[in-house]
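The opening position of the sequence shown corresponds to residue 45 in this note's numbering, with each subsequent residue numbered one higher.
A virtual CB, placed ideally from N, CA and C, is assigned to each residue, including glycine.
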Amino acid sequence: MTAAIIAIDQLVVQTAARTLLQVPRLRIEAGERVAIVGPNGAGKSTLLRVLNGFVRPAAGRVCVLGRELTAPLRAAPLRALRAEIGQVHQGLHLVSRLSARENVLIGALARMPGWRGWARLYPSALRAEADAALAGVGLLARADERVDRLSGGERQKISIARLRLQHPRLILADEPTANLDPAAAEEACGWLRAAADAAPGITLVTVVHQPALLPRLADRVIGLQAGRIVLDRACDAAHFDDLAGELARLYAPAARVEHFAPAPTSVMPWLAPLPSAHADPP
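Take a look at the structure:
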């Protein structure tokens, strides 16, 4: 059996006031498509911050892409780890004064000598790769525009296109459809899944607040409640009725089962209108 891309044992994350996460065991294998769900404050975003090394556990073992994150990493190993992790944040983390193309090219910085990146001397092959990524999300015509002149949905597409230049082994997406309208959310899910399918073995872990999006993003669903895993099961059409009931209980009393209807069979299986999204506090 191959080693898990993500391995967690006896994880505890806490502040002086409360415990944020308590995960006895979790394994995520290469190539999996995993959605993290749960009500506000369940610990979804905190779990992603642990996986990318931004939050240090109080106890337990966390191993991501073969690197132990329990003890503090030196700067160089941490940079090497993050170079293999593609991230899509709620805040997008784009440089507003740069063009769409230049923001996509930022994804390739870890593969370039430092001085070339700082000088923005990108090889022509990388520029062609960036243009192909922008074309893939329908934004090649706006490649030279500053991103602060683009819509929220277009900026989200740029954030996802940037993944294609990073060549990540692991993608961590924290509510990638937050603040998008239903049509833009549907489209963003398609581009994100395409980024994960760009090469064999890429693992996708997405924090999802809108359960209607699950069939578009995930083959496996992990549910958090008060920092603990209370649900871990496959996400497929054959068992969607059972999953819908479990999700309804997870989100009760606010959730409604009709939000979890399975997608129709089609090339792009978009679902019914989505419930509103809310950010998961740290």
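By a C-beta neighbour count over all protein chains shown, 10 Å radius and 16 as the cutoff for buried, is Val139 buried or exposed? Walking along the sequence shown from the start, residue 139 turns up at place 95. It counts as exposed.
Ile202 versus Asn223, Gly180 and His211, residue with shortest Cα-Cα distance: In the sequence shown, counting from the first residue as 1, residue 202 sits at position 158. Considering only alpha carbons, the answer is Gly180.
Give me the Cβ distance between Ile266 and Leu236, rounded to the nearest whole Å; I'm assuming they're in contact under 8 Å. Against the sequence shown, residue 266 aligns to sequence position 222. Against the sequence shown, residue 236 aligns to sequence position 192. Not quite, the Cβ-Cβ distance comes to about 17 Å (not below 8 Å), so this is no contact.
Quick one: residues in its chain with C-beta nearer than 7 Å to the C-beta of Asp286, no 5 flanking neighbours on either side, listed in chain order? Numbered from its first residue, the sequence shown carries residue 286 at position 242. Beyond the five residues adjoining it in sequence on each side, Asp286 comes within less than 7 Å, by CB distance, of no other residue in the same chain.
Same chain, Cβ closer than 7 Å to Ala48, five either side skipped, listed in chain order: Start at 1 with the first residue of the sequence shown, and residue 48 comes out as number 4. Result list for Ala48: Arg71, Ile72 and Glu73, in chain order.
Cβ-based burial, Ala61 [other Cβ within 10 Å; buried from 16]: If you number the sequence shown from 1, residue 61 lands on position 17. The residue in question, Ala61, is exposed, as its Cβ has fewer than 16 Cβ neighbours within 10 Å.
So for Ala176, helix, strand or coil by DSSP? Numbered from 1 along the sequence shown, position 132 holds the residue referred to as residue 176. Reduced to three states, the DSSP call for Ala176 is helix.
Three-state class that DSSP yields for Ala278 in the structure shown: Here residue 278 corresponds to residue number 234 of the sequence shown, with the count starting at 1. Three-state result, Ala278: strand.
Under the assumption that Leu268 contacts Ala86 (Cβ atoms under 8 Å), give the Cβ distance between them as a whole number of angstroms. In the sequence shown, the residue the question calls residue 268 occupies position 224. In the sequence shown, the residue the question calls residue 86 occupies position 42. Their Cβ separation, rounded to whole angstroms, is 4 Å, which keeps Leu268 and Ala86 in contact under 8 Å.
Contact check, Val274 vs Leu261, beta carbons under 9 Å: Position 230 of the sequence shown holds residue 274. Position 217 of the sequence shown holds residue 261. If you check the CB distance, Val274 and Leu261 do not come in under 9 Å.
Within the region 51-121, ranges of the beta strand (DSSP E) (whole runs, at least 3 residues): Here the runs fully enclosed are 63-72, 77-81 and 103-108.
Can the beta-carbon of His211 be found closer than 9 Å to that of Ala240? Residue 211 sits at position 167 when you count from the first residue of the sequence shown. Residue 240 sits at position 196 when you count from the first residue of the sequence shown. Contact check for His211 against Ala240 fails: the beta carbons are separated by 9 Å or more.
Exposed unless 16 or more other CB atoms sit within 10 angstroms - verdict on Gln54: Here the question's residue 54 lines up with position 10 in the sequence shown. Exposed, by the Cβ-count rule.
On the CB-based measure, 16 or more other CB atoms within 10 Å of its CB, does Thr59 come out buried or exposed? Residue 59 sits at position 15 when you count from the first residue of the sequence shown. It is exposed - the Cβ of Thr59 has fewer than 16 other Cβ atoms within 10 Å.
According to DSSP, is Val148 helix, strand or coil? Stepping through the sequence shown from its first residue, residue 148 is reached at position 104. Helix, per DSSP.
Quick one: using the 10 Å Cβ neighbour count with 16 as the cut-off for buried, is Pro255 buried or exposed? Translated into positions along the sequence shown, residue 255 becomes position 211. Its Cβ being crowded by 16 or more others within 10 Å, Pro255 is buried.
Our contact map puts Ala327 next to Val132 with C-beta atoms below 8 Å; I'd like the distance itself, whole angstroms only. Absent from the structure is residue 327, since the part of the chain shown begins at 45 and ends at 326.
Expressed to the nearest angstrom, what Euclidean distance is found between the alpha-carbon atoms of Ala103 and Ala51? If you number the sequence shown from 1, residue 103 lands on position 59. If you number the sequence shown from 1, residue 51 lands on position 7. Looking at the two C-alpha atoms, the distance is approximately 14 Å.
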